[in-house]
Each structure stands twice: as C-alpha cells, then as structure tokens.
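J.:
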Amino acid sequence: MKHICNAIFDGHHFGIAIDESIDNPGMFRLVDESTGDEIEDMFESENEAMDAIFVKYPA
16 MKHICNAIFD GHHFGIAIDE SIDNPGMFRL VDESTGDEIE DMFESENEAM
66 DAIFVKYPA
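Converting from the sequence shown to my numbering requires adding 15 to each position, the first position being numbered 1.
1) In angstroms with no decimal places, state the Cα-to-Cα distance between M65 and F24.
2) What is the residue span of the alpha helix (DSSP H) that M65 lies within?
3) Measure the Cβ-Cβ separation of E61 and H18 and say whether it is below 8 angstroms.
4) Spatial neighbours of A32 within its chain, please: C-beta separation below 7 angstroms, excluding the five flanking residues on both sides.
5) Rounded to the nearest angstrom, what separates P40 and T50 at their Cα positions?
6) Return the chain-ordered list of same chain residues with a C-beta closer than 6 angstroms to the C-beta of H28, the five sequence neighbours on each side being excluded.
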C-alpha cells in the first residue's frame with residue numbers, strides 16, 4: 016500500500032492509498048488508510064487512480 020494524500024469528506028478525515036487490486040490482478044485500487052476499506056477498484060495504472068481522487072474528492 017502506498018500513501019497518496021489525505022482527504023476530508025463529509026467531515027471524515029482519512030488517508031488515501033493505492034494498493035494492488037485483490038479481485039483484479041494487475042489492476043490498482045484506492046483504499047481508506049484509516050479503515051482499510053476499498054474506496055474504488057479497477058484502475059489500469061497508479062496515475063489513473065490518482066486522477067480519480069481529484070474527481071471523487073475535489074479540493
């Protein structure tokens with residue numbers, strides 16, 4: 016798991032990390048570092064996953 020950034024969503028502060036997908040070998044997923052819960056899955060690259068962070072959690 017690789018830490019990417021911290022986020023605040025609906026008053027909840029958490030870290031976002033990129034990890035290898037469990038269900039889809041060769042793909043990446045975003046993970047909530049505080050709970051270990053998967054945020055989103057099925058990214059073909061780390062860059063695609065990072066781009067999704069800014070769409071899902073805009074500044």
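Heads up, the beta-carbon is just placed ideally off N, CA and C, and yes, glycines get one too.
T.: A quick look at the data gives this:
1) 16 angstroms
2) 61-71
3) no
4) M16, K17, H18, I19, V46, E48
5) 22 angstroms
6) none
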